[in-house]
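Peer 1: If you're matching positions, the sequence shown starts at 20 in my numbering and goes up one per residue. For every residue, glycine included, the Cβ atom is placed at its ideal position computed from N, Cα and C. Everything numeric in this text was worked out from a predicted model, so none of it was measured. Sharing a structure here in C-alpha coordinates format.
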Amino acid sequence: MRKRGQEPFLVVGSPFCHGPGQKRFLTPFSRDGFTFIEILATIALLTIVLPSVMTGISLGLGACDLARQEAQAASLAHDKLMEILADSQNQQADLSGDFGETWPAYRWMAQSSDWESGTLRQVDVVVTWQAGGRERFVTLSTLVLDEQIAQAQEEETP
(Lines of atoms letter the chains of each structure in order from A; the text may use other names.)
(Lines give C-alpha, C1' and ligand atoms only; values in the text may rest on other atoms or scores of the structure.)
Protein backbone atom coordinates (compact mmCIF):
# COMPACT_ATOMS: atom_id res chain seq x y z
CA MET A 20 0.00 0.00 0.00
CA ARG A 21 1.32 3.40 -0.98
CA LYS A 22 1.31 6.43 1.18
CA ARG A 23 0.19 9.74 -0.11
CA GLY A 24 2.98 11.49 -1.97
CA GLN A 25 4.80 8.30 -2.88
CA GLU A 26 4.07 7.80 -6.51
CA PRO A 27 5.46 4.81 -8.38
CA PHE A 28 8.15 5.67 -10.87
CA LEU A 29 8.55 4.22 -14.31
CA VAL A 30 11.76 2.48 -15.37
CA VAL A 31 12.13 1.85 -19.09
CA GLY A 32 14.80 -0.44 -20.57
CA SER A 33 16.62 -1.03 -17.31
CA PRO A 34 18.69 -4.22 -17.14
CA PHE A 35 17.06 -4.87 -13.79
CA CYS A 36 13.60 -5.16 -15.33
CA HIS A 37 12.12 -8.28 -16.85
CA GLY A 38 13.63 -7.63 -20.26
CA PRO A 39 15.04 -4.91 -22.44
CA GLY A 40 12.48 -2.34 -23.43
CA GLN A 41 9.77 -3.63 -21.08
CA LYS A 42 8.05 -1.22 -18.77
CA ARG A 43 7.81 -1.90 -15.08
CA PHE A 44 6.61 0.18 -12.20
CA LEU A 45 8.72 0.11 -9.04
CA THR A 46 7.48 1.25 -5.69
CA PRO A 47 9.50 2.00 -2.57
CA PHE A 48 7.89 -1.05 -0.93
CA SER A 49 8.43 -3.57 -3.73
CA ARG A 50 8.77 -7.19 -2.67
CA ASP A 51 11.86 -8.09 -4.70
CA GLY A 52 14.30 -10.33 -2.80
CA PHE A 53 14.51 -13.77 -1.25
CA THR A 54 11.82 -15.39 0.82
CA PHE A 55 12.53 -16.97 4.16
CA ILE A 56 12.05 -20.48 2.77
CA GLU A 57 14.56 -19.80 -0.03
CA ILE A 58 17.14 -18.68 2.51
CA LEU A 59 16.48 -21.78 4.66
CA ALA A 60 16.80 -24.06 1.62
CA THR A 61 20.12 -22.42 0.69
CA ILE A 62 21.48 -22.84 4.22
CA ALA A 63 20.36 -26.48 4.29
CA LEU A 64 22.06 -27.11 0.94
CA LEU A 65 25.27 -25.49 2.16
CA THR A 66 25.30 -27.58 5.34
CA ILE A 67 25.07 -30.72 3.20
CA VAL A 68 27.54 -29.76 0.45
CA LEU A 69 30.17 -27.76 2.34
CA PRO A 70 31.50 -30.62 4.56
CA SER A 71 31.91 -32.85 1.51
CA VAL A 72 33.80 -30.15 -0.35
CA MET A 73 36.06 -29.49 2.64
CA THR A 74 36.74 -33.24 3.02
CA GLY A 75 37.71 -33.42 -0.65
CA ILE A 76 40.07 -30.48 -0.28
CA SER A 77 41.61 -32.01 2.84
CA LEU A 78 42.16 -35.37 1.09
CA GLY A 79 43.72 -33.62 -1.88
CA LEU A 80 46.13 -31.69 0.32
CA GLY A 81 47.06 -34.88 2.21
CA ALA A 82 47.79 -36.71 -1.04
CA CYS A 83 49.88 -33.79 -2.25
CA ASP A 84 51.91 -33.79 0.98
CA LEU A 85 52.48 -37.56 0.77
CA ALA A 86 53.61 -37.25 -2.86
CA ARG A 87 56.07 -34.52 -1.85
CA GLN A 88 57.45 -36.72 0.94
CA GLU A 89 57.80 -39.71 -1.40
CA ALA A 90 59.63 -37.60 -3.98
CA GLN A 91 61.97 -36.31 -1.27
CA ALA A 92 62.61 -39.85 -0.01
CA ALA A 93 63.36 -41.06 -3.55
CA SER A 94 65.82 -38.21 -4.03
CA LEU A 95 67.53 -38.99 -0.71
CA ALA A 96 67.69 -42.70 -1.62
CA HIS A 97 69.27 -41.87 -4.97
CA ASP A 98 71.89 -39.64 -3.34
CA LYS A 99 72.72 -42.31 -0.75
CA LEU A 100 72.91 -45.03 -3.42
CA MET A 101 75.36 -42.94 -5.46
CA GLU A 102 77.42 -42.33 -2.31
CA ILE A 103 77.55 -46.07 -1.56
CA LEU A 104 78.46 -46.96 -5.15
CA ALA A 105 81.28 -44.40 -5.15
CA ASP A 106 82.88 -46.20 -2.19
CA SER A 107 83.51 -49.78 -3.36
CA GLN A 108 84.11 -51.01 0.22
CA ASN A 109 80.56 -50.08 1.22
CA GLN A 110 79.03 -52.12 -1.61
CA GLN A 111 79.59 -55.35 0.34
CA ALA A 112 78.34 -54.17 3.75
CA ASP A 113 74.91 -53.64 5.27
CA LEU A 114 74.74 -50.03 6.42
CA SER A 115 72.17 -47.75 8.04
CA GLY A 116 71.85 -44.25 9.40
CA ASP A 117 69.97 -40.98 9.14
CA PHE A 118 70.36 -37.86 7.06
CA GLY A 119 71.42 -35.61 9.95
CA GLU A 120 69.89 -32.28 10.84
CA THR A 121 69.05 -31.51 7.22
CA TRP A 122 66.41 -34.26 6.96
CA PRO A 123 65.74 -35.47 10.53
CA ALA A 124 62.48 -37.29 9.69
CA TYR A 125 64.13 -39.68 7.22
CA ARG A 126 66.30 -42.75 7.96
CA TRP A 127 68.08 -45.05 5.53
CA MET A 128 69.25 -48.65 5.37
CA ALA A 129 71.40 -50.23 2.64
CA GLN A 130 71.78 -53.94 1.90
CA SER A 131 73.91 -55.81 -0.58
CA SER A 132 73.11 -59.31 -1.79
CA ASP A 133 74.31 -61.72 -4.48
CA TRP A 134 72.32 -61.68 -7.66
CA GLU A 135 71.43 -64.65 -9.85
CA SER A 136 74.34 -64.43 -12.31
CA GLY A 137 77.04 -64.66 -9.66
CA THR A 138 79.13 -61.72 -10.88
CA LEU A 139 76.51 -59.12 -10.02
CA ARG A 140 75.40 -57.80 -6.67
CA GLN A 141 72.12 -56.10 -5.91
CA VAL A 142 72.41 -52.99 -3.76
CA ASP A 143 69.16 -51.79 -2.14
CA VAL A 144 68.69 -48.50 -0.31
CA VAL A 145 65.51 -48.16 1.76
CA VAL A 146 64.50 -44.73 3.08
CA THR A 147 61.84 -44.69 5.83
CA TRP A 148 59.84 -41.92 7.50
CA GLN A 149 56.64 -41.47 9.53
CA ALA A 150 53.57 -39.98 7.86
CA GLY A 151 49.96 -40.12 8.97
CA GLY A 152 50.77 -42.36 11.93
CA ARG A 153 52.29 -45.02 9.66
CA GLU A 154 55.81 -45.85 8.63
CA ARG A 155 56.34 -45.17 4.94
CA PHE A 156 59.27 -46.28 2.82
CA VAL A 157 60.86 -45.96 -0.61
CA THR A 158 63.26 -48.60 -1.96
CA LEU A 159 65.82 -47.91 -4.68
CA SER A 160 67.82 -50.83 -6.14
CA THR A 161 70.59 -51.28 -8.65
CA LEU A 162 72.92 -53.99 -9.89
CA VAL A 163 76.69 -53.59 -9.70
CA LEU A 164 79.49 -55.76 -10.96
CA ASP A 165 81.21 -57.60 -8.12
CA GLU A 166 84.77 -56.90 -9.18
CA GLN A 167 86.35 -59.50 -6.89
CA ILE A 168 84.22 -62.34 -8.28
CA ALA A 169 84.59 -61.11 -11.88
CA GLN A 170 88.38 -60.88 -11.48
CA ALA A 171 88.55 -64.37 -9.96
CA GLN A 172 86.51 -65.77 -12.86
CA GLU A 173 88.81 -64.10 -15.39
CA GLU A 174 91.87 -65.66 -13.73
CA GLU A 175 90.29 -69.14 -13.85
CA THR A 176 89.57 -68.98 -17.58
CA PRO A 177 92.64 -69.67 -19.74
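Name the DSSP beta bridge partners of residue 116, please?
Peer 2: Translated into positions along the sequence shown, residue 116 becomes position 97. For residue 116, which the question treats as bridged, DSSP gives the partners 127.
Peer 1: Grab me the residues of residue 156's own chain with a C-beta within less than 7 Å of its C-beta, minus the 5 sequence neighbours each way, in chain order.
Peer 2: Position 137 of the sequence shown holds residue 156. 145, 146 and 147, listed in sequence order.
Peer 1: Between residue 117 and residue 128, what straight-line distance do the alpha-carbon atoms span, to the nearest angstrom?
Peer 2: Translated into the one-based positions of the sequence shown, residue 117 becomes position 98. Translated into the one-based positions of the sequence shown, residue 128 becomes position 109. One C-alpha to the other measures close to 9 Å.
Peer 1: Would you kindly report the start and end of the unbroken alpha helix (DSSP H) that includes residue 94?
Peer 2: Here residue 94 corresponds to residue number 75 of the sequence shown, with the count starting at 1. Note, residue 94: alpha helix (DSSP H), 55-105.
Peer 1: Which residue comes first and which comes last in the beta strand (DSSP E) that contains residue 154?
Peer 2: Position 135 of the sequence shown, counted from the start, is the residue given in the question as residue 154. Unbroken beta strand (DSSP E) run through residue 154: 153-164.
Peer 1: Give the range of the beta strand (DSSP E) segment to which residue 134 is assigned.
Peer 2: Your numbering for residue 134 matches position 115 in the sequence shown. Segment: none, residue 134 is in no beta strand (DSSP E) and carries neither H nor E.
Peer 1: Can you tell me the Cα-Cα spacing of residue 71 and residue 85, whole angstroms?
Peer 2: Translated into the one-based positions of the sequence shown, residue 71 becomes position 52. Translated into the one-based positions of the sequence shown, residue 85 becomes position 66. Taking the straight line joining both Cα atoms gives about 21 Å.
Peer 1: Measuring alpha carbon to alpha carbon, tell me which residue in 74, 139, 102 and 92 is nearest residue 126.
Peer 2: Residue 126 sits at position 107 when you count from the first residue of the sequence shown. Minimum Cα distance to residue 126 is reached at 92.
Peer 1: Could you tell me if residue 96 is buried or exposed, where buried requires 16 or more neighbouring beta carbons within 10 angstroms of its beta carbon?
Peer 2: Working through the sequence shown from its first residue, we reach residue 96 at position 77. Answer is buried; the Cβ neighbour count reaches 16.
Peer 1: Can you tell me which of the three DSSP states residue 143 falls into?
Peer 2: By one-based count along the sequence shown, residue 143 stands at place 124. Of the three classes helix, strand and coil, the one that applies to residue 143 here is strand, per DSSP.
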